[in-house]
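Data first, discussion second: the structure below is written as structure tokens.
In full-length UniProt numbering, the protein residues as written are 1 to 342.
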């Protein structure tokens, strides 16, 4: 038999082998041979990236693939592509970080780039027998988005709404985000029919992402992201009033025809007008979670409402808020006990 494969330097090779009694034996030999070649951790970083993409991209959304590919090809491959992956050291990572930092990216974006490189090496350790992940020794650059989390209280949000009431689409989009905790992509993918004004249930079944300048609507982030959110009556009334102004649209049309970049621009404008601290659009989701935690809503309910894959995700993201809420419970019990003594 003969078959083609790539060696660990990324070169195309052809293998010849004879003496198999059955086709099954031949296929088993081929599979094991290729696996050994792919497991040879002396392959170039560029060759390993091709393996990584083939292994990891099949279960990802197009938008996620586009983001990862852009990050790898722009920030990672140019520096490491010709190196043997097993020869890359923590010092190499530190030098790479120093070069990336010169480009004056935000802390959150630096963190994202570093996280992507770390994921690549973790994959090599887990599946290709790399002895260690050099990112661990180098440490991370930047700060995670959760570390930059901004929160508006209900009063602050009301001040913000007053500042943007001149733009009904913007006003209502932000209104719905704050009171539901929707992700930006989920909000922008909503059709009019996704809000049942009779039952007060909002159905989240899809997400909008911008890929190479084009809006793509696809299934949401995870299976748990597909969910039904119960709206309070004042939200239903507000959405009914807004929908009644959308003349000429059908139930299959989008509820908010606006872009994420425009929302980011408007949240900055509104914050400036209202004299509030600047937050990101995504922080309205965090603000919703903060509101629920402060009202004593249990973690499982919050996790379901936000569409988190695991309760641990909710706890890890908002652990500091739960700790503050727990301290408030102690104060409440003190007050209750004092009242009984009186």
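The beta carbon of each residue, even a glycine, is placed where N, CA and C say it ideally should be. What you are looking at is a predicted structure, and each value in this text was computed from that prediction instead of being measured.
Item: Top-ranked residue by Cα proximity to residue 317, from 125, 298, 295 and 289; Value: 289
Item: Backbone CA spacing between residue 8 and residue 309 [nearest angstrom]; Value: Per-residue confidence for residue 8 stands at a pLDDT of 49, beneath the threshold of 50, marking its modelled position as unreliable; the derived number appears in the next sentence. Each residue's alpha carbon lies about 36 Å from the other.
Item: Complete runs of the alpha helix (DSSP H) confined to the stretch 100 to 159 [at least 4 residues]; Value: 107 to 128 and 134 to 138
Item: Identity of the residue in 86, 106 and 153 nearest residue 124 by Cα; Value: 86
Item: Nearest neighbour of residue 103, chosen from 307, 156, 232 and 141 [CA to CA]; Value: 141
Item: Backbone CA spacing between residue 297 and residue 224 [nearest angstrom]; Value: 19 Å
Item: Segment limits, beta strand (DSSP E) that includes residue 12; Value: 12 to 16
Item: Selection from 261, 56, 184 and 42 that minimises the alpha carbon distance to residue 84; Value: 42
Item: Simplified DSSP state of residue 230, which is helix, strand or coil; Value: strand
Item: Host beta strand (DSSP E) of residue 249 (start-end); Value: Neither: residue 249 is in no beta strand (DSSP E) and is coded neither H nor E.
Item: Whole-Å CB distance - residue 270 paired with residue 108, under 8 Å assumed; Value: Between residue 108 and residue 270 the Cβ distance is about 21 Å, and since that is not below 8 Å, they are no contact.
Item: Nonlocal neighbours in the same chain, by C-beta distance under 8 Å from residue 242, ignoring five residues either side; Value: 168 and 172
Item: Residue 241: CB within 7 Å of a non-hydrogen atom of the ligand PLP; Value: By its list of ligands, the structure shown contains no ligand whatsoever, and the ligand PLP lies outside what it can speak to.
Item: Euclidean distance between Cα positions of residue 2 and residue 14; Value: 7 Å
Item: Outcome for residue 266 when other beta-carbon atoms lying within 10 angstroms are tallied against a minimum of 16; Value: buried
Item: DSSP three-state assignment for residue 82, whether helix, strand or coil; Value: coil
Item: Residues near residue 16 by beta carbon distance below 6 Å, same chain, minus five either side; Value: 2
Item: Proximity below 8 Å, CB of residue 121 to CB of residue 190; Value: no
Item: Buried versus exposed, by CB contacts within 10 Å (16 or more), residue 208; Value: buried
Item: Burial state of residue 4 (16 or more Cβ within 10 Å); Value: exposed
Item: 8 Å Cβ cutoff met for residue 246 and residue 202; Value: no
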